[in-house]
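Asks: In this note's numbering, the protein residues as written are 352 to 544.
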């Protein structure tokens with residue numbers, strides 16, 4: 352069996368992506384509802400192209416498409432990895448300052464940008480399962496944008512894996528990043544072809 356080539360890029364990608372303001376606007380009739388969503392779209396399309404996704408592109412409506420061709424002779428279905436790029440219009444997504452809490456030891460997490468905001472260990476029992484892991488939060492002055500830039504980063508990491516490991520057989524993989532999910536319009540104009 353061949354050895355797999357893989358270096359996790361998900362954290363580095365996530366930390367970059369959350370700093371790009373992609374708030375959607377429910378009052379806008381345009382698609383995407385905000386032009387700034389295309390800022391992340393341009394980054395993703397360029398990164399996919401640099402990886403070798405030849406058809407990667409950002410369309411006029413803010414959707415990013417790409418295809419990783421299948422590399423198996425077996426008849427398998429096409430799958431799609433899909434996530435949305437926009438963040439909630441309810442809390443600012445400008446000037447996001449992600450905080451990485453390395454090797455979390457337990458206890459409360461006081462957000463440094465607004466120390467009145469504390470993630471209390473007693474109120475969040477899931478934190479117990481994160482002891483020893485790294486945790487990423489906002490600094491407390493903005494939202495983080497993990498919904499769903501975490502999904503975007505995971506998909507980009509998966510694309511990187513499949514492209515760099517041709518011995519891992521797979522069917523065709525479609526990649527889709529959408530705008531405006533937070534305002535209920537994420538797939539309104541998607542090209543499903």
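The beta carbon of each residue, even a glycine, is placed where N, CA and C say it ideally should be.
How long is the line joining the alpha carbons of residue 518 and residue 398, rounded to whole angstroms?
Replies: Straight-line Cα distance between these residues: approximately 22 Å.
Asks: Report whether the distance from the Cβ of residue 369 to the nearest heavy atom of the ligand SAH is below 7 Å.
Replies: As for the ligand SAH, it is missing from this structure, which has no ligand bound.
Asks: With which residues is residue 417 paired in a DSSP beta bridge?
Replies: According to DSSP, which records beta bridges pairwise, residue 417 is partnered with 526.
Asks: In angstroms, rounded to a whole number, what distance separates the CA positions of residue 503 and residue 429?
Replies: So the alpha carbons of these two residues sit roughly 19 Å apart.
Asks: I'd like to know whether the C-beta of residue 513 is nearer than 8 Å to at least one C-beta of chain D.
Replies: In the structure shown, chain D does not exist; there is a single protein chain.
Asks: Among 488, 382, 427, which one has its Cα closest to the Cα of residue 409?
Replies: The shortest C-alpha separation from residue 409 is found at 382.
Asks: Once you ignore the five residues that flank residue 501 on each side, which residues in its own chain have a CB closer than 7 Å to its CB?
Replies: 365, listed in sequence order.
Asks: Quick one: what's got a C-beta closer than 6 Å to residue 486's C-beta in the same chain, skipping five residues either side?
Replies: Contacts found: 452, 455.
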